[in-house]
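*Asks:* Position in the sequence shown (from 1) plus 1 gives the number in our numbering.
Just so it is clear, CB atoms sit at the ideal spot from N, CA and C, and this is done for glycine as well.
Being a predicted model, the structure only gives us computed values, none of them experimental.
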Amino acid sequence: MRRVLVVLGLAGSGLLAIYGTAVAHVERTAYWPDPRPDASVHPAAGGKVPKARSLASALNGRLPGRTRVVCHKDSLSLAKASIQDARKHGYVMRPSQPKLHLSKGKARRLTRINRALFKRCKFHEIQPALTASRNNDRVVVMPGLYTEPESRKKPSDPPKCAPFKENGDHGSGGLSYKYQWTCPNAQSLLALMGRLPGKGQDPPPLDNRHGIPNLGPCIRCNVQVEGSGAKPDDVIVDTGDPTHPRGPNGIGSKKDVGIRADRADGFVLRNMEFRHAHEHDVYVMETDGYLLDRMKFYYAGQYGQLTFANDHGLTKNCEAIGNGDSGVYPGGAVDTGEQRLPGTRPRQNQAITECDVHHNTLGYSGTMGNATHVYNNDFYDNSTAIATDSFYAGGHPGYPQDSAVFENNRIYSNNFNSYTPDSDVAPDVPVPVGTGILIAGGNNDKVRGNRMWDNWRRGTMLIAVPDAVSDKFDSAESTSHRNQYYDNVMGIAPGGKKKPNGLDFWWDQHPSNKDNCWYHNIGVDGTESSITSDPARGPTPTTGLPSDCHNVSTGETYAAKGPELAGCAASIENNEYNTTLCPWFVTPPPPGPGSAAAARGTQAGLIAGQNLPKMCDLLAGSVLSCAPFRGIRP
Numbered sequence: 002m003r004r005v006l007v008v009l010g011l012a013g014s015g016l017l018a019i020y021g022t023a024v025a026h027v028e029r030t031a032y033w034p035d036p037r038p039d040a041s042v043h044p045a046a047g048g049k050v051p052k053a054r055s056l057a058s059a060l061n062g063r064l065p066g067r068t069r070v071v072c073h074k075d076s077l078s079l080a081k082a083s084i085q086d087a088r089k090h091g092y093v094m095r096p097s098q099p100k101l102h103l104s105k106g107k108a109r110r111l112t113r114i115n116r117a118l119f120k121r122c123k124f125h126e127i128q129p130a131l132t133a134s135r136n137n138d139r140v141v142v143m144p145g146l147y148t149e150p151e152s153r154k155k156p157s158d159p160p161k162c163a164p165f166k167e168n169g170d171h172g173s174g175g176l177s178y179k180y181q182w183t184c185p186n187a188q189s190l191l192a193l194m195g196r197l198p199g200k201g202q203d204p205p206p207l208d209n210r211h212g213i214p215n216l217g218p219c220i221r222c223n224v225q226v227e228g229s230g231a232k233p234d235d236v237i238v239d240t241g242d243p244t245h246p247r248g249p250n251g252i253g254s255k256k257d258v259g260i261r262a263d264r265a266d267g268f269v270l271r272n273m274e275f276r277h278a279h280e281h282d283v284y285v286m287e288t289d290g291y292l293l294d295r296m297k298f299y300y301a302g303q304y305g306q307l308t309f310a311n312d313h314g315l316t317k318n319c320e321a322i323g324n325g326d327s328g329v330y331p332g333g334a335v336d337t338g339e340q341r342l343p344g345t346r347p348r349q350n351q352a353i354t355e356c357d358v359h360h361n362t363l364g365y366s367g368t369m370g371n372a373t374h375v376y377n378n379d380f381y382d383n384s385t386a387i388a389t390d391s392f393y394a395g396g397h398p399g400y401p402q403d404s405a406v407f408e409n410n411r412i413y414s415n416n417f418n419s420y421t422p423d424s425d426v427a428p429d430v431p432v433p434v435g436t437g438i439l440i441a442g443g444n445n446d447k448v449r450g451n452r453m454w455d456n457w458r459r460g461t462m463l464i465a466v467p468d469a470v471s472d473k474f475d476s477a478e479s480t481s482h483r484n485q486y487y488d489n490v491m492g493i494a495p496g497g498k499k500k501p502n503g504l505d506f507w508w509d510q511h512p513s514n515k516d517n518c519w520y521h522n523i524g525v526d527g528t529e530s531s532i533t534s535d536p537a538r539g540p541t542p543t544t545g546l547p548s549d550c551h552n553v554s555t556g557e558t559y560a561a562k563g564p565e566l567a568g569c570a571a572s573i574e575n576n577e578y579n580t581t582l583c584p585w586f587v588t589p590p591p592p593g594p595g596s597a598a599a600a601r602g603t604q605a606g607l608i609a610g611q612n613l614p615k616m617c618d619l620l621a622g623s624v625l626s627c628a629p630f631r632g633i634r635p
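1. Distance check for Ser-76 and Glu-151, CA to CA, integer angstroms please.
2. On the CB-based measure, 16 or more other CB atoms within 10 Å of its CB, does Gln-225 come out buried or exposed?
3. What does the alpha-carbon distance come out to for the pair Asn-383 and Gln-181?
4. In chain order, which beta strand (DSSP E) runs of at least 3 residues are fully inside the stretch 395–419?
5. Whose C-alpha, out of His-43, Ala-372 and Asp-505, is nearest the C-alpha of Gly-66?
6. Who are the near neighbours of Gly-212 in its chain, counting only those whose CB is closer than 8 Å to its CB and skipping five residues on each side?
7. Note down, in chain order, each residue of its chain lying with its Cβ closer than 6 Å to the Cβ of His-102, except the 5 sequence neighbours on either side.
8. Note the first and the last residue of the continuous beta strand (DSSP E) segment covering Thr-132.
9. Does the beta-carbon distance from Leu-504 to Thr-541 come in below 8 Å?
10. Please name the residue, chosen from Asp-425, Arg-95, Asn-489 and Gly-323, that lies closest to Arg-452 on a Cα-to-Cα basis.
11. Keeping to the same chain, check which residues put their C-beta closer than 6 Å to that of Gly-314; ignore five residues upstream and five downstream.
12. Less than 8 Å separating the beta-carbons of Arg-411 and Met-94?
13. Report back the beta-carbon spacing between Tyr-300 and Gly-370 to the nearest angstrom; my notes put them in contact at under 8 Å.
14. Among Asp-289, Lys-107, Arg-116 and Cys-319, which has the Cα closest to the Cα of Asn-223?
15. What number of angstroms, rounded off, separates the C-alpha of Ala-609 from the C-alpha of Pro-592?
16. Measuring only between beta-carbons, confirm whether Asn-186 sits less than 8 Å from chain C.
17. Between the C-alpha atoms of Thr-436 and Ala-82, what's the straight-line distance to the nearest angstrom?
18. Between the alpha carbons of Asp-158 and Gly-259, how many angstroms are there, rounded?
19. Taking the alpha carbon of Gly-267 as the point to measure from, which residue in Gly-248, Asp-312 and Tyr-284 has its own alpha carbon closest?
20. By DSSP, does Ser-76 sit in helix, in strand, or in coil?
21. On the criterion of 16 or more Cβ atoms from any shown chain inside 10 Å, does Lys-562 qualify as buried, or is it exposed?
22. Could you please give me the residues that DSSP links to Phe-1 through a beta bridge?
23. Please list the terminal residues of the continuous alpha helix (DSSP H) segment that includes Glu-151.
24. Just how far apart, CA to CA, sit Gly-492 and Glu-227?
25. When the Cα atoms are used, what is the spatial distance from Asp-509 to Trp-519?
26. State the Cα-Cα distance for the pair Arg-449 and Val-375, rounded to the nearest angstrom.
27. Label Ser-548 either buried or exposed according to how many other C-beta atoms from any shown protein chain fall within 10 Å of its C-beta, with 16 as the threshold for buried.
28. Figure out for me which residue from Gly-442, Asp-455 and Leu-270 has the closest Cα to the Cα of Val-434.
29. Would you list the residues sitting across from Arg-139 in a DSSP beta bridge?
30. Can you give the Cα-Cα distance for Asn-517 and Ser-530, rounded to whole angstroms?
31. Between the alpha carbons of Phe-119 and Ile-237, how many angstroms are there, rounded?
32. So Gly-248 and Asp-357 are supposed to be a Cβ contact under 8 Å. How far apart are they, rounded?
33. When DSSP labels each residue in this structure, what does Pro-347 get in the three-state scheme?
34. Specify, as a first and last residue, the run of the beta strand (DSSP E) that Gln-485 falls within.
35. Which residue wins for smallest C-alpha separation from Val-353, given the options Gln-340, Asn-378 and Arg-346?
36. Could you check where the alpha helix (DSSP H) with Lys-166 kicks off and where it finishes?
Below is the structure:
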């Protein structure tokens, strides 16, 4: 969720929310890249997810591109020690998975490659190697801790780049591409700027976000940046205080971003660890074709991985831990789902797979995360595992969010409370602790074939986001419609142990909702009838929690859910995580007998009695209204 909730209102029957950006600077207007390959580069850049080139091929001078090697004096000895340890004891790529081991032959080959790379090393910081790179080049970083002293010295807002600020979706002061090109280390510890700035003038924000206006030619496309160690944490890039290998998140950070790849079509980043950025550890923007593989994203102030306004992207084999907003975030994704351009076929434009995402405020965030594919991951020990939403249209192309697919994930024990004073993760987003999947204003999303257990509040939540909430101010109610939840296993851990969720499915039943459905899911007893939900399954397929996706199934009892959303609205508007008004920031008790009924019953009375007057006091003089809830009684 690329923002914090700054205004929430209650008007009529709907929850109205307006989100503002949480970033410390103003972003430029973002556009989606041309999905066709750029044939001016050979091999062509973009048009598909790039394939990683082998580490050994970095030593082959007959292949396209040059290799630049970055090292410290002790890099070779560190490489040898790590390889030997991985051979003897194995190493952890993902905590949920078994250790990986190097065979004797692979260990020998990797040692030989590192020895040859060390002889070719001419760089001792990464940024100069990136700056010197051109199309098809390689930057190989040997084992060590990289803090990039020269980049750290660069001013955060240099006067020479002030003329390149622009008016964008967020107002004045946006940092244009030319700003980033001219002052690449103002925000970012490392920056790979893939294209020359266009020769023309950038236009004011355009309604049509397909195609980047004033686009210059590729000069750093198809660039691969990789660590040469046995495992990702052999090469560590620390934007903050390197004496704290873990949290608090963003500690001592000197730059907003760890590494920024901007308009860098065909970008590959692999086998490295980034940590402690003030905002985002890894940031890929307006890029067609990227691969993030064997990566670790640790303890950023906001996002471990942020990929924004991209196409043909893949993040795999990763671990994201300790991030204040989310571990992974494919946001503002191109419309290739139900809002795709006429005459084009639907497709998933970005994917996240085989990742462990844990101990974050939010595991996965997807504001306008359109047509993304999230599969075969483990989400655990977050406050909320997954959220995709349409809360803020300003600056996020692709409103409303649609067509994401979440399948075959293991989503469990998401009860970490980042809102407690002793948390090592400072939260940067309000989410309900104890929740698996939250869809807030999404359309045509599919939640299928997942296994969810031990989430103490709810397995899934579906809430509407009326258009006025999202900075659209249209009369239509564009969300949440046509979402499907099916073939999920709820409350049963692998091996068959019963580990119930507080409630399996929860829907706010906003009266504008249409055609959402829940079917073929099984609960803690291995049957459909053991599913716990609010609303409960109705007497017909189109009532209660509807199972029929093809007939209109509308929300009916939103007023019973409104108090919970109202209390959280008031709390967040008052810039506090108020546990009296809002239950989201309190760790729910472990599920037990009657817990599902309690989860349904307690929310309706949340704002009653002492909470309702307090909420109305907070709302006094604001644009918000308590009127819909004045009739609520304890």
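*Replies:* According to the data block:
1. Counting from 1 along the sequence shown, the entry for residue 151 is found at position 150. Counting from 1 along the sequence shown, the entry for residue 76 is found at position 75. The C-alpha of Ser-76 is placed about 20 Å away from the C-alpha of Glu-151.
2. Position 224 of the sequence shown, counted from the first residue, corresponds to residue 225. Of the other Cβ atoms in all chains shown, 16 or more fall within 10 Å of the Cβ of Gln-225; this residue is therefore buried.
3. Start at 1 with the first residue of the sequence shown, and residue 383 comes out as number 382. Start at 1 with the first residue of the sequence shown, and residue 181 comes out as number 180. Going by the C-alpha atoms only, they are around 33 Å apart.
4. Runs found: 406–408 and 411–413.
5. Walking along the sequence shown from the start, residue 66 turns up at place 65. That would be His-43, whose Cα lies nearest to the Cα of Gly-66.
6. Counting from 1 along the sequence shown, the entry for residue 212 is found at position 211. For Gly-212, where only same-chain residues beyond five positions count, the Cβ hits under 8 Å are Tyr-32, Trp-33, Pro-34 and Asp-35.
7. Residue 102 sits at position 101 when you count from the first residue of the sequence shown. So the list reads Gly-91, once near-sequence residues are dropped.
8. Locating residue 132 in the sequence shown gives position 131, counting from the first residue. First-last for Thr-132: 127–133, but that is the alpha helix (DSSP H), not the beta strand (DSSP E).
9. The sequence position of residue 504 within the sequence shown is 503, counting from 1. The sequence position of residue 541 within the sequence shown is 540, counting from 1. Cβ distance not < 8 Å, so Leu-504 and Thr-541 don't count as in contact.
10. Here residue 452 is taken as the residue at index 451 of the sequence shown, counted from 1. Cα-wise, what sits closest to Arg-452 is Asn-489.
11. Taking the sequence shown and counting its residues from 1, the one referred to as residue 314 is at position 313. Spatial neighbours of Gly-314 in its own chain (CB-CB distance under 6 Å, excluding positions within 5 residues in sequence) are listed in chain order as Tyr-291, Thr-308 and Gln-351.
12. As a position in the sequence shown, residue 411 is number 410, starting the count at 1. As a position in the sequence shown, residue 94 is number 93, starting the count at 1. No, the Cβ-Cβ distance between Arg-411 and Met-94 is not below 8 Å.
13. Position 299 of the sequence shown, counted from the start, is the residue given in the question as residue 300. Position 369 of the sequence shown, counted from the start, is the residue given in the question as residue 370. Contact between Tyr-300 and Gly-370 does not hold, since their C-beta atoms are separated by about 23 Å, which reaches or exceeds 8 Å.
14. Counting from one through the sequence shown, the residue named residue 223 turns up at place 222. Looking from the CA of Asn-223, the closest CA among Asp-289, Lys-107, Arg-116 and Cys-319 belongs to Asp-289.
15. Walking along the sequence shown from the start, residue 609 turns up at place 608. Walking along the sequence shown from the start, residue 592 turns up at place 591. Unreliable placement is indicated for Ala-609, whose pLDDT of 43 sits below 50; the coordinate value is still reported in the next sentence. If I take the Cα positions, the gap works out to 24 Å.
16. The structure shown contains no chain C, having only a single protein chain.
17. One-based indexing of the sequence shown puts residue 436 at position 435. One-based indexing of the sequence shown puts residue 82 at position 81. Thr-436 and Ala-82 have their C-alpha atoms spaced approximately 41 Å apart.
18. Mapped onto the sequence shown, residue 158 falls at position 157. Mapped onto the sequence shown, residue 259 falls at position 258. Rounded to the nearest angstrom, the two C-alpha atoms are 17 Å apart.
19. Against the sequence shown, residue 267 aligns to sequence position 266. Closest by alpha carbon: Asp-312.
20. Position 75 of the sequence shown holds residue 76. Of the three classes helix, strand and coil, the one that applies to Ser-76 here is helix, per DSSP.
21. Start at 1 with the first residue of the sequence shown, and residue 562 comes out as number 561. Buried: at least 16 other Cβ atoms inside 10 Å.
22. This structure cannot settle anything about residue 1, because the visible part of the chain is limited to 2 through 635.
23. In the sequence shown, residue 151 corresponds to position 150, counting from 1. Here the alpha helix (DSSP H) through Glu-151 covers 150–154.
24. Mapped onto the sequence shown, residue 492 falls at position 491. Mapped onto the sequence shown, residue 227 falls at position 226. So the two alpha carbons sit approximately 40 Å from each other.
25. Numbered from 1 along the sequence shown, position 508 holds the residue referred to as residue 509. Numbered from 1 along the sequence shown, position 518 holds the residue referred to as residue 519. Here the alpha carbons of Trp-519 and Asp-509 stand approximately 14 Å from one another.
26. Translated into the one-based positions of the sequence shown, residue 449 becomes position 448. Translated into the one-based positions of the sequence shown, residue 375 becomes position 374. Rounded to whole angstroms, Arg-449 to Val-375 spans 11 Å at the Cα level.
27. Counting from one through the sequence shown, the residue named residue 548 turns up at place 547. Ser-548 should be labelled buried.
28. Taking the sequence shown and counting its residues from 1, the one referred to as residue 434 is at position 433. Looking at Gly-442, Asp-455 and Leu-270, the one whose alpha-carbon comes closest to that of Val-434 is Asp-455.
29. If you number the sequence shown from 1, residue 139 lands on position 138. Paired residues: Thr-68 and Gln-225.
30. The residue given as residue 517 occupies position 516 in the sequence shown. The residue given as residue 530 occupies position 529 in the sequence shown. The straight-line gap from Cα to Cα measures roughly 19 Å.
31. Here residue 119 is taken as the residue at index 118 of the sequence shown, counted from 1. Here residue 237 is taken as the residue at index 236 of the sequence shown, counted from 1. Roughly 17 Å between the two C-alpha positions.
32. For this step, residue 248 is matched to residue 247 along the sequence shown. For this step, residue 357 is matched to residue 356 along the sequence shown. Not confirmed; about 17 Å, so no contact.
33. Here the question's residue 347 lines up with position 346 in the sequence shown. If DSSP states are grouped into helix, strand and coil, Pro-347 belongs with coil.
34. Numbered from its first residue, the sequence shown carries residue 485 at position 484. Unbroken beta strand (DSSP E) run through Gln-485: 485–487.
35. As a working mapping, residue 353 is identified with position 352 in the sequence shown. Val is not the amino acid found at residue 353; the sequence shown has Ile there. Residue Asn-378 is the option with its Cα nearest to Ile-353.
36. Here residue 166 refers to the residue found at position 165 of the sequence shown. First-last for Lys-166: 166–169, but that is the beta strand (DSSP E), not the alpha helix (DSSP H).
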